[in-house]
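Here the structure is laid out as structure tokens; the discussion comes afterwards.
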Amino acid sequence: YNTRVKAVSTAQESERRKVTQLQTNKGVIDVKDAQVLVAAGAWTPHIAAMMGLYAPVYPLKGYAMSISSKEALASNTMLTPSDLPTRIVCDKYMFTSRLGDEVRITSIGEFSGWSTSPTASVEKEFRREAVRQFPLLESFIKQAKVKCGHRPYVSDGILLLGRVQEFDNLLVSAGPGSNGWKLAMGSGSVVEMLVSGKTEDQISDELGFDARSFSPAGRVVDSPIFAKLCRARWGVSNEHEHDFLRAKSK
Numbered sequence: 031y032n033t034r035v036k037a038v039s040t041a042q043e044s045e046r047r048k049v050t051q052l053q054t055n056k057g058v059i060d061v062k063d064a065q066v067l068v069a070a071g072a073w074t075p076h077i078a079a080m081m082g083l084y085a086p087v088y089p090l091k092g093y094a095m096s097i098s099s100k101e102a103l104a105s106n107t108m109l110t111p112s113d114l115p116t117r118i119v120c121d122k123y124m125f126t127s128r129l130g131d132e133v134r135i136t137s138i139g140e141f142s143g144w145s146t147s148p149t150a151s152v153e154k155e156f157r158r159e160a161v162r163q164f165p166l167l168e169s170f171i172k173q174a175k176v177k178c179g180h181r182p183y184v185s186d187g188i189l190l191l192g193r194v195q196e197f198d199n200l201l202v203s204a205g206p207g208s209n210g211w212k213l214a215m216g217s218g219s220v221v222e223m224l225v226s227g228k229t230e231d232q233i234s235d236e237l238g239f240d241a242r243s244f245s246p247a248g249r250v251v252d253s254p255i256f257a258k259l260c261r262a263r264w265g266v267s268n269e270h271e272h273d274f275l276r277a278k279s280k
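Each position in the sequence shown, counted from 1, maps to that position plus 30 in the working numbering.
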């Protein structure tokens with residue numbers, strides 16, 4: 031938990047490369063004969079770029095707020111339990127769900143880098159739409175804290191799932207966008223099968239769909255120069271990577 035990858039060491043083995051070490055904020059992990067899975071959500075391209083790879087994943091920022099139904103009912107005598115959602119309510123603007131005591135309201139897909147801070151103009155519109163949908167909760171909507179999270183959006187909208195063909199021991203599982211949680215269990219099963227040594231053809235026969243349709247082949251590509259340009263554009267420092275390489279050379 032709370033372990034961050036700072037640099038990745040790879041080695042050329044025969045025709046393909048191999049991930050050999052991971053430098054983290056808690057020390058160096060020797061990969062040895064293990065398989066490495068990149069399942070970092072919207073941060074997948076950051077880790078891929080450490081290996082000279084380009085992964086077409088970008089953070090789609092979502093906005094959310096939570097309101098206590100108990101507090102809302104206690105403070106507003108005009109409000110009844112039937113006025114609050116008991117299941118998922120959605121339209122083209124908002125997606126609202128009930129999680130125990132909480133009424134959770136979410137919306138918006140914003141491309142604005144990896145910042146998790148709300149954009150003021152977007153937050154204002156988010157609150158306005160929430161009030162439109164639940165006018166009796168207006169006072170709570172105006173006071174609720176807005177939080178942002180990132181959905182890993184793949185450029186073609188298709189899940190990235192499978193082995194990276196340039197490596198012997200590297201797999202990826204990321205995206206697509208807000209549907210990732212719906213596919214999590216299935217993705218995990220496919221990863222388990224791949225790590226266990228099954229081929230995409232065997233997985234396809236067993237599960238009844240073409241597992242190759244999610245393959246990162248041709249989408250996650252070896253492009254070291256472009257990966258460096260991306261890291262520079264993202265404002266990612268190479269300081270940790272340089273420290274890692276200097277430590278290895280001693």
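Glycine included, C-beta positions come from ideal geometry on N, C-alpha and C.
- The criterion of a C-beta distance shorter than 8 Å is not satisfied by E196 and R34.
- Between G205 and P182, the C-beta spacing is below 8 Å.
- Ranked by Cα distance from S245, the options G139, K258 and L190 are led by L190.
- Between N55 and V61, the alpha-carbon positions lie close to 16 Å from each other.
- For the region 41-122, the full-length beta strand (DSSP E) segments reaching 3 residues or more read 46-54, 57-60, 66-68 and 87-98 along the chain.
- When the Cα atoms are used, V58 and K212 turn out to be separated by approximately 33 Å.
- In the three-state DSSP reduction, L213 falls in the helix class (H, G or I).
- Measuring C-alpha to C-alpha distances from T40 to each of L67, V68, G82 and A70 identifies G82 as the nearest.
- If only uninterrupted beta strand (DSSP E) runs of at least 3 residues are considered, those enclosed by the region 129-175 are 132-140.
- With 16 or more neighbouring CB atoms inside 10 Å of its own CB, C178 falls in the buried class.
- Take the alpha-carbon of R117 and the one of I135: they are about 12 Å apart.
- According to the DSSP assignment, R193 belongs to the beta strand (DSSP E) that extends over L190 to R193.
- Within the same chain, Cβ atoms closer than 8 Å to the Cβ of V161 are found at L167, E168, I171 and K172, the five residues on either side in sequence being excluded.
- Judged by pairs of C-beta atoms under 8 Å, the region 93-101 touches the region 131-147, as three or more such pairs exist.
- Of the residues assessed, G210 falls on the buried side of the cut-off, its CB having 16 or more other CB atoms within 10 angstroms.
- Setting aside the 5 residues that flank it on each side, E140 is surrounded in the same chain by K91 and V152, each with a C-beta closer than 6 Å to its C-beta; the list follows chain order.
- In the DSSP annotation of this structure, the continuous segment of the beta strand (DSSP E) that includes A204 starts and ends at L200 to A204.
- Within the same chain, I171 and K172 come within 7 Å of R157 by CB-CB distance, once the 5 residues on both sides are set aside.
- Judged by beta-carbon spacing, F256 lies beyond the 8 Å limit of Y88, meaning their Cβ atoms are not closer than that value.
- Distance check between Y31 and each of A37, A70, L114 and Q51 places A70 closest, using alpha-carbon atoms only.
- Residue state for V220 is assigned as helix, using DSSP reduced to three classes.
- Under a 10 Å Cβ-count criterion, R249 is classified as buried, with 16 or more other Cβ atoms of the shown protein chains found around its own Cβ.
- The three-state reading of DSSP puts A241 in helix, counting H, G and I together.
- Inclusion of L201 and Q65 in the CB contact set at 8 Å is warranted, their separation being smaller than that value.
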